[in-house]
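For the sequence shown, the residue numbers in my numbering are 207 to 319. Backbone N, C-alpha and C define an ideal beta-carbon position, used for all residues, glycine too. Computed from a predicted model, the values in this text were never measured in an experiment. Everything below concerns the one structure shown next.
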Amino acid sequence: MEHYDFFIHATAASLAFPPIFFPPDNPTVAIIAPSGEVIAPYGLQGGQPGAVHHYTIEQGGETVTLGSKDANATLMPGAVLTLRSAGGGGFGDPRLREPSLVKRDLDYGYVTG
């Protein structure tokens, strides 16, 4: 893995392997077992649900979306594996928030319901 990034202000940790684990001239077989790409984390007290997982592999000019418990994915040299993990559900009805707090979230680049 030669690049990794966070969504702004993400709360999850990241794990990155040095490029030596992924030789650029050899295919790599990965076991990818996502869960949570159908049912989103629920919100509380009127909050909206969070996002679901979304995992894709881009290679050979096409993008493949991985389903639940896909395994033995072959990553060819130059493939891009994108892992977008689910976000937590919201707390409270977003329409009842103070407008100044909504503006602050927008200024910081957060998504507000």
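In whole angstroms, give me the CA-to-CA distance for residue i and residue j.
| i | j | result |
| --- | --- | --- |
| residue 268 | residue 283 | 14 Å |
| residue 224 | residue 286 | Low per-residue confidence applies at residue 224: pLDDT is 47, beneath 50, and the placement is therefore not dependable, though the value from the model is reported in the following sentence. Cα to Cα, residue 224 sits roughly 15 Å from residue 286. |
| residue 306 | residue 295 | 21 Å |
| residue 315 | residue 265 | 30 Å |
| residue 288 | residue 231 | 20 Å |
With DSSP as the reference, label residue i as helix, strand or coil.
| i | result |
| --- | --- |
| residue 307 | helix |
| residue 250 | strand |
| residue 281 | strand |
With burial defined as no fewer than 16 other Cβ atoms inside 10 Å of the residue's Cβ, what is the status of residue i: buried or exposed?
| i | result |
| --- | --- |
| residue 292 | buried |
| residue 263 | buried |
From which residue to which residue does the beta strand (DSSP E) around residue i run?
| i | result |
| --- | --- |
| residue 236 | 234–236 |
| residue 289 | 286–290 |
| residue 257 | It is not in any beta strand (DSSP E) - residue 257 carries neither H nor E in the DSSP assignment. |
| residue 270 | 268–271 |
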